[in-house]
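Numbering (my numbering), first residue to last: 440 to 1443.
Right under this line is the structure:
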């Protein structure tokens, strides 16, 4: 049984006991424990069930590579599923529950799947859930949804806080083992600004457990000394409990800091997501021990040899009284020696190598430990915990030579460098046959825009497993990183350690090498997803020769550990099945995050009210005080209309439109997008963005433009003003500002990166007010001495003026309502001031503010299109009769070639027309015009649809715009528009301009 030892536990404070519960049972641990060590100290060997077969699962590792021991942590608002017990620090009052079983962990109905395993091999779902087809909806899909996922989703709102932190460093070192510490010291001594992060609470990594001497002193002392030195260096920042989550282009690193997981209730955020820009990144991320595949290697009590050693040394926990060690390399001998010196029994070391081990094997033998060379484990006896192992010849097929009683198995299949972060940004790997591992290829490092490498591996992450070589390599990495960021290479020598002599590893992926099918069907690769050796071999036989295809067919490496323990063994089995070398098979793609991070940390402070902050114009408070009926427009709130006491919305709209057309109206247009495009190539860039020619626009003039995406579909429109030879101001729709700015930047950064153009979204820097109506010029003349007459400021012109009180303004002579109109852009800080002055000056003209609906109605009366109404992502300018806005002088613009495709030039595409109901009523929005006959589904054929429809107070009748088959050629035709109540409205096709067709009112 597993228990707490009287000796050991270098990380513990045994003077402080901690209480915690697991599945409702109360246990005790001590300060410094992880949840895993505390569970093992209480002999809780089984901690969960596997996903597919619901087999008993125990702790297999001691770090982030753990794939079995996932629990639901906490309760109510503190509940979080799928938390690794190996990385969860124990705290007083911790509550957790095991996952993926019913009704209980000990008795799980789902375990029947294990009995049916022969009928549920890899890929069975691809073959089973296809037939008969009716079963999918009523049987298969409900069953799959019920079975999917691990753990339970939280039901209560998370009460903790999370934050983002932005930082800039010359060198970021990921990993706080001796390699990371030495790298940070070397870079720091060269003068570089350094960040060193370590995902655990402790510095030094594995070295304090494995032992050794550095510069003549024990490694513990070396770690303490170097940490103290780094803490005194002003240019070095140390962060424990912080994981390097991902490495991205341009030296961008995500760091995931668990600030207060270990002390719930502490002030500050629970998690902090660091967004870091680094000149150089050093991955000193260490290596992960691999398991070995043999029958029963998933029984609780079978663990990685390094993990058994960790629990004994760091936490004073014995995972068993009698531990069998099985290995193909010398490192596992350290575990046997450690256990023996702690007074525990090691019945045998099973070494697959016929030649056996090196000096460590001799030390083990001297301690009286039996060593069996050239042997393997045929199978593990036991179900919910280890009871014994059967020993066989490694070169055989699994015939048992001996049954050895034991209650734990420590296995070691060699070590794999943690290359994930190196690979995130394109770093390539090479196969090291001597050490049976993939390691970083230094000649194919991730490179930046300058073609130079910006990621350097160090220590065992670079494939060096000997302490002396690790330190030498890490020191060189730190100096190289500092030099690459412009600092003089340090001259201090690397610390020295005595080189270790070990016998070579032997590549053993399965025991025994000729295991029969019964053994292979119980030899596990992916513990969480229940992928067996036989599954990968089956995938190879069925033609899944690509490692990526085999991964998806078998689900190998698709569990929450992302294959940290299973991938190398799995691809080795696949390579063997395909009779090809491992490098030819390759690896799967490594993607961030390295281990799961909380969704809340990604959101940071963007939650509740700040999830999508309400955007307000400078005049928002005035609107609220004056009866605004709000309409959400993206993240903005805009007045739909202004209701006076006792007034209906319809009455308010009638009043706003009538007063604006008769005299004077005002519109808060501040939400419209405003994007600056500046640079020597700005005109060239504008010509590619817009369908019409913008480079010929003169400073001081404006031009209406259409913008299409690369597929030719209309995505935005607006007025462009040329501020000077190199500068344009693009107005966009309210909802399109961010998207259009992103669209511009995407093309500049990915296609036209050498063009000299700068863009800036200045939407919120300006307040913009539309002054509309026959009296608009008169009210403005009361507020300025500048000439804004028809000659000085003609239609589609702009100029800079000064208003009363010294308010600087840019005034545009543009109109969206069809009336004499001016739009004033002023600094946002003076927007409310100008609004108040305009309202005061407009009293004599019966001024009225109007909202978005009045604006929409007036634009429809003029036949102006609205993005999102007349367009839906499938409409091109030609559909809207806007060929006049497409330049015939330009060779190209975004979408031009797409608009020349056959279905874009199809004469049967629906075209924009106006619609007038015969009875003066208003058509329903989105209504379809029916045609004769039915389609293949028995539905009425249609020949058009309504895109915009309103009651026009100006005309006293309903007006509409719509897309109709051959519409412009059918003026006067009457169409039927059925309503949902079964009645039909008849409407006549007319020109889409209903008011002031010649534009006389706006050209005053």
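For each residue, glycine too, the CB sits at the ideal point set by N, CA and C.
Judged by beta-carbon spacing, residue 1206 lies beyond the 7 Å limit of residue 1121, meaning their Cβ atoms are not closer than that value. By the Cβ criterion, the region 885-902 is not in contact with the region 579-595, since fewer than three pairs of Cβ atoms, one from each stretch, lie closer than 8 Å.
A Cβ-Cβ distance of about 3 Å is found for the pair residue 625 and residue 917, placing them in contact under the 8 Å criterion. DSSP links residue 1170 through a beta bridge to 1113.
Residue pairing by DSSP places residue 1129 opposite 1146 in a beta bridge.
Boundaries of the beta strand (DSSP E) around residue 1197: 1197-1200. Assigned with DSSP and collapsed to three states, residue 1077 falls in strand.
When the Cα atoms are used, residue 506 and residue 1000 turn out to be separated by approximately 5 Å. About 7 Å separates the Cβ atoms of residue 937 and residue 907, confirming a contact at the 8 Å cut-off. Looking at 909, 1422, 784 and 1129, the one whose alpha-carbon comes closest to that of residue 1183 is 1129. The beta-bridge partner set that DSSP reports for residue 812 consists of 790. Separation of residue 1053 and residue 1047 (C-alpha to C-alpha, rounded to the nearest whole angstrom) is 11 Å. Every beta strand (DSSP E) of 3 residues or more that sits fully in the region 626-711 is shown, in chain order, as 633-637, 675-679, 681-687 and 691-697. With three or more CB-CB distances shorter than 8 Å, the region 1304-1320 counts as touching the region 1399-1412. In the structure shown, residue 1122 adopts helical secondary structure according to DSSP, grouped into three states. Taken atom to atom, the span from the alpha-carbon of residue 609 to that of residue 696 is near 20 Å.
Going by DSSP, residue 1061 is part of the alpha helix (DSSP H) stretching over 1059-1064. The beta carbons of residue 838 and residue 829 sit no closer together than 7 Å. For residue 821, the CB contacts under 6 Å within the same chain, skipping 5 residues up- and downstream, are 738 in chain order.
For residue 960, the three-state secondary structure derived from DSSP is coil.
The Cβ-Cβ distance between residue 708 and residue 605 does not fall below 7 Å.
The C-alpha of residue 965 is placed about 12 Å away from the C-alpha of residue 729.
For residue 1205, the enclosing beta strand (DSSP E) stretches over residues 1205-1211.
Check the Cα spacing between residue 747 and each of 498, 535 and 641: the tightest is with 498.
For residue 458, the uninterrupted beta strand (DSSP E) segment begins and ends at 452-461. Around residue 1101, the same chain offers no residue with a beta carbon nearer than 6 Å, after the five sequence neighbours per side are excluded.
A direct Cα-Cα distance of roughly 30 Å separates residue 970 from residue 722.
For residue 1440 against residue 1258, the beta-carbon gap comes to about 5 Å, under 8 Å, which counts as contact. Counting every other CB atom within 10 Å of its CB across the protein chains shown gives residue 1313 a total below 16, marking it as exposed.
By the 16-neighbour rule on beta-carbons within 10 angstroms, residue 446 is exposed. Here residue 541 is exposed: its Cβ has fewer than 16 other Cβ atoms, across all protein chains shown, within 10 Å.
The beta-bridge partner set that DSSP reports for residue 536 consists of 511.
With 16 or more other Cβ atoms inside 10 Å of its own Cβ, residue 874 counts as buried. Beta bridge pairing from DSSP links residue 1242 with 1223 and 1246. Residue burial annotation: residue 1050 is exposed, with fewer than 16 other C-beta atoms found within 10 angstroms of its C-beta. Taking the C-beta atoms as reference points, residue 452 is found nearer than 7 Å to residue 470.
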